[in-house]
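Asker:
In this note's numbering, the protein residues as written are 79 to 692.
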């Protein structure tokens, strides 16, 4: 995304209210062997620092709220094709499960993976192939499940209808995750990235969200007025009010009780919008401004049709492996999800380098990238075992939050992982999000999918777009990624080879837009003659990095000295994901100050403030 993430590193910005000092030996702890190079001098806490416990908890909750929109959106998108659109209680179980598994995967990534402060959560890259698989004639929902008056959510027949579909998704995700682990832990990803450039990535990521316009439009179309208000509020908070500081009460040892300026809308633009739109639906419901007839326009915007979910949901519910039954496997589902795995891997690698730059860490070495992708594959395997209906990936939104808060400590993401685990166990939380009115969800989808599409297109900044070659590759890939799936969905009877399994594989792949567009982009970019500079590969592979602030082995090495002090045999060092020993000197100890950008809202950005573009 081309939006600037500004961090207030000018000395004047640290003299106002809202500044928390942390010296060595005080509430926060700095690593003795950390230097204060140019790339980390603007950080309040760098990657190896340990902030005070209360700050870790606060910022951990903030990361949870930043990822909230994406975490909740995935189960709600899949609900209709899983035959669960009239069963909000089960939707709440899926939301709680994805919270819980995301917490586990976040902790695994921080301790054993790439070891950068990066959150893990559900991925939209798996949504399109999942919907393509569920659209097969075998898995289409029976007509009676679409009628709320005919659905008895407690009946064994209905339970089996949705559980057999999610078990099919589980099996496909588990097998595909093994491919991702193989690509990561074997070091194969380094070889593949030689051939994957911006002209492959741009159509792939753009087509993750573009085909979902129908789902977003159907949700918003329940009541366009409420959806438009949700969109307006999200845009208002995230774009127009992001630099407006809100006074909040603060207690400190020096000033005791006082007020501090907090950039609320810059950090939480989505949650207030959802709450206000939710409140509007509640007011319209109790005043009977919304119709009571189930077939009337706007009925699904009422808040009382899902009101019993909160009372039915348990206070505490522990998600467990195999909670929906034994997973099943089909060839078509596996091939479709593998296409999503490729897209997720490419996006995650970009997130690793962006995160490293923001937290003042050296560029991730190959062994760390390999380990990170492998652990993401393990996370997808766990997601399949637990039955989230989705996989896991690194969250770009939370990488951006690091630039805003100027706190790049790993311990903050550890706290965020623990918050996700607690939210997954606390059943009422998932139930609350499952009761969000449908048009409010639709408004959120329209904004979110638009941003994802823009993120994909932004990769073209590395490419010479004055080249007719590049214009052809990107334009043709995008157009075919929309046209081919549309034609296949309308002409399924013409895809007939006589082998049922092969027919299903072809149908799933050709109805997954990001596979069609990404494959064509990959094929054309690597076969049509063009220079490395013209294709954007030189700029893509060049890492813009200033002076390193610490040794790479300290950041990306495994915990407890594994690979550097222990398990240092020659056989272990041959593994592509095993850390390498690095010999370097000691670094200096610094003094840190933390501010939540507490400058006057009317003031301009001070001279010398960092302007970090993602």
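Cβ coordinates follow ideal geometry from the N, Cα and C atoms, glycine included.
Do residue 311 and residue 351 count as a contact pair if the criterion is CB distance below 7 angstroms?
Answerer: It is a contact, given that the beta carbons lie within the stated cut-off.
Asker: Among 606, 293, 615, 556, which one has its Cα closest to the Cα of residue 593?
Answerer: When only C-alpha atoms are compared, the closest one is 556.
Asker: Nearest to residue 521 by alpha carbon, out of 185, 299, 256?
Answerer: Measuring from the Cα of residue 521, the nearest candidate turns out to be 299.
Asker: Whole-angstrom Cβ separation of residue 462 and residue 259, contact assumed at under 8 angstroms?
Answerer: Actually they do not touch by this definition, with Cβ atoms about 12 angstroms apart.
Asker: Would you call the region 206-214 in contact with the region 582-600, where contact means no fewer than 3 C-beta pairs closer than 8 angstroms?
Answerer: With a cut-off of 8 angstroms, the region 582-600 and the region 206-214 count as touching, because enough Cβ pairs lie within range.
Asker: Could you tell me if residue 234 is buried or exposed, where buried requires 16 or more neighbouring beta carbons within 10 angstroms of its beta carbon?
Answerer: Looking at its Cβ environment, which holds fewer than 16 other Cβ atoms inside 10 Å, residue 234 is exposed.
Asker: Name the DSSP beta bridge partners of residue 336, please?
Answerer: Note: residue 336 sits in a beta bridge opposite 328.
Asker: How is residue 375 classed by DSSP in three states: helix, strand or coil?
Answerer: Three-state DSSP puts residue 375 in coil, outside helix and strand.
Asker: Please look up how many angstroms separate the CB atoms of residue 377 and residue 368, rounded, as I've assumed it's under 8 angstroms.
Answerer: Contact holds; Cβ gap of about 7 angstroms.
Asker: Output the boundary residues of the alpha helix (DSSP H) element that contains residue 268.
Answerer: Residues 266-270.
Asker: Let me make sure I understand the geometry here. Which of 141, 154, 139 has the alpha-carbon closest to that of residue 512?
Answerer: Out of 141, 154, 139, 154 has the C-alpha closest to the C-alpha of residue 512.
Asker: Going straight from the alpha carbon of residue 540 to that of residue 611, what length do you get?
Answerer: Whole-angstrom Cα-Cα distance: 9 angstroms.
Asker: Measure the C-alpha to C-alpha separation of residue 282 and residue 399 and round it to an integer number of angstroms.
Answerer: Roughly 32 angstroms separates the two Cα atoms.
Asker: Nearest chain D C-beta to residue 248 closer than 7 angstroms, yes or no?
Answerer: The structure shown contains no chain D, having only a single protein chain.
Asker: If the criterion is Cβ atoms closer than 7 angstroms, does the pair residue 256 and residue 457 meet it?
Answerer: In this structure, residue 457 does not lie closer than 7 angstroms to residue 256 by Cβ.
Asker: With 16 other CB atoms within 10 Å as the buried threshold, where does residue 361 fall?
Answerer: Counting Cβ neighbours within 10 Å, residue 361 comes out exposed, since fewer than 16 surround it.
Asker: Going by DSSP, name the residue or residues bridged to residue 394.
Answerer: Residue 394 pairs with 504.
Asker: Taking DSSP as the reference, what is the three-state secondary structure of residue 532?
Answerer: Three-state DSSP puts residue 532 in a helix.
Asker: Take residue 359 as the anchor and find which of 323, 307, 319, 391 has the nearest alpha-carbon.
Answerer: Nearest of 323, 307, 319, 391 to residue 359, Cα basis: 307.
Asker: Check residue 128 in the structure and name its three-state DSSP category.
Answerer: Of the three classes helix, strand and coil, the one that applies to residue 128 here is strand, per DSSP.
Asker: Roughly how many angstroms separate the alpha carbons of residue 316 and residue 571, rounded to a whole number?
Answerer: Taking the straight line from one Cα to the other gives about 46 angstroms.
Asker: To the nearest angstrom, how far is the alpha carbon of residue 226 from that of residue 375?
Answerer: Their backbone Cα atoms lie some 15 angstroms apart in a straight line.
Asker: Is there at least one non-hydrogen atom of the ligand GTP closer than 6 angstroms to the beta-carbon of residue 541?
Answerer: Of the ligands one can find in the structure shown there are none, so the ligand GTP has no counterpart to examine.
Asker: If you follow the alpha helix (DSSP H) that residue 160 is in, where does it begin and where does it stop?
Answerer: Neither: residue 160 is in no alpha helix (DSSP H) and is coded neither H nor E.
Asker: Give me the Cα-Cα distance between residue 494 and residue 132, rounded to the nearest whole angstrom.
Answerer: Approximately 12 angstroms between the Cα atoms of the pair.
Asker: Once you ignore the five residues that flank residue 460 on each side, which residues in its own chain have a CB closer than 7 angstroms to its CB?
Answerer: Excluding sequence neighbours, residue 460 sits near 179, 182, 183.
Asker: According to DSSP, is residue 399 helix, strand or coil?
Answerer: Looking at residue 399 - three-state DSSP - the assignment turns out to be coil, as it is neither helix nor strand.
Asker: Can you tell me the Cα-Cα spacing of residue 370 and residue 343, whole angstroms?
Answerer: When rounded, the distance between both Cα atoms is 35 angstroms.
Asker: DSSP puts residue 123 in a beta bridge; with which residues?
Answerer: In DSSP, residue 123 forms a bridge with 485.
Asker: In terms of alpha-carbon separation, which member of 569, 409, 524, 144 lies closest to residue 309?
Answerer: Among 569, 409, 524, 144, the Cα nearest to that of residue 309 is on 524.
Asker: Can you give me the Cβ contacts of residue 485 inside the same chain, cut-off strictly under 8 angstroms, excluding the 5 residues immediately before and after it?
Answerer: Cβ within range, chain order: 121, 122, 123, 129, 133, 137, 672.
Asker: Would you mind working out which of 210, 265, 379 sits nearest residue 515, comparing C-alpha positions?
Answerer: With distances taken between Cα atoms, residue 515 lies closest to 379.
Asker: Work out the CA separation of residue 638 and residue 605 for me, nearest whole Å.
Answerer: Distance between the alpha carbons of residue 605 and residue 638: 47 angstroms.
Asker: Whole angstroms are fine: how far does the CA of residue 224 sit from the CA of residue 243?
Answerer: Their Cα atoms are separated by approximately 15 angstroms.
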